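Just so you know, we're using my numbering here: the sequence shown kicks off at 12 and counts up by one. For every residue, glycine included, the Cβ atom is placed at its ideal position computed from N, Cα and C. These numbers were taken from a predicted model, which means no experiment stands behind them.
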Amino acid sequence: MCVIYGKLCNMNDYVVIYSNRKTLGLEVSAEKGVIVRAPRRTSQKEIERFVASHTVWIERAKARVQTRAANRPVFSDDPAEIARLKALAAEKIPPRVAYYAALLGVTPQKIGFTKAKTRFGSCSGKNSINFSCYLMLYSDRAVDYVVVHELCHIKHKNHSKAFYEMIAGVMPDYKEREKELKGL
């Protein structure tokens, strides 16, 4: 992988990442800014044309990223704060898991807590569920959504229509709850 830096039309930096891909792609993130992903042999002029032709999309994506960042809590790296959040999660989440597991007719094998910043929950192939301690910075409604989402993965190991129907069966307003987690 090769990375170079360039300029957008409005003088903001962008990063070009060359790889074995076949097409050009764009990404905007709060941490990395604008990223152009390009096939290895793409010329700088072709990349500049591509970026210039997508300036409206880039500006809209930047605005979305800024809105999300402004609406999300700040995740601390302080060990004492992480320990506090993990203890709070260990107190609050298991009763919610028990409640929704009974409603859904599923049983997780194990419940754990992590300090993941980009993944609020996960369900392993062996039905062990992990939750990010940073969930404690969100409303109970958002926490309940993540609990239900991960419990539904016990029956559906994907994001199929049946998976979302299972969520909707116990939480008809799940889309609104999901928006809170995304900072929308």
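Spatial distance of residue i from residue j (CA atoms)
i	j	result
Gly180	Phe174	10 Å
Gly136	Ala109	19 Å
Cys163	Asp88	30 Å
Tyr185	Glu70	29 Å
Leu99	Leu148	10 Å
Leu37	Lys172	28 Å
His160	Gln55	43 Å
Glu189	Phe124	20 Å
Asn138	Lys168	10 Å
Gly132	Lys43	23 Å
Leu146	Tyr29	35 Å
Asn31	Val47	14 Å
Residue i - containing alpha helix (DSSP H), residue span
i	result
Gly132	Premise fails: Gly132 lies in the beta strand (DSSP E), Gly132 to Cys134, not in any alpha helix (DSSP H).
Pro106	Pro90 to Leu115
Lys121	Here Lys121 belongs to no alpha helix (DSSP H); instead the beta strand (DSSP E) covers Lys121 to Thr125.
Ala153	Asp151 to Lys166
Tyr175	Lys172 to Val181
Proximity below 8 Å, CB of residue i to CB of residue j
i	j	result
Val117	Ile178	no
Arg83	Asp155	no
Val76	Ala41	yes
Ala112	Pro119	yes
Lys73	Val39	yes
Leu192	Cys144	no
Ala49	Gly194	no
Ile122	Ile93	no
Endpoints, beta strand (DSSP E) assigned at residue i
i	result
Val27	Asp24 to Ser30
Leu192	From DSSP, Leu192 is part of no beta strand (DSSP E) but of the alpha helix (DSSP H) over Tyr185 to Lys193.
Asn141	Ser139 to Ser143
Residue i in three-state terms, based on DSSP
i	result
Ser87	coil
Lys64	The sequence as given places Ser at residue 64; Lys does not occur at that position. In the structure shown, Ser64 sits in a helix (DSSP, three-state: H, G or I).
Leu35	coil
Arg52	coil
Beta-bridge partners of residue i, as assigned by DSSP
i	result
Val76	In the DSSP output, where bridge partners are listed per residue, Val76 has none listed.
Ile46	Val26 and Glu38
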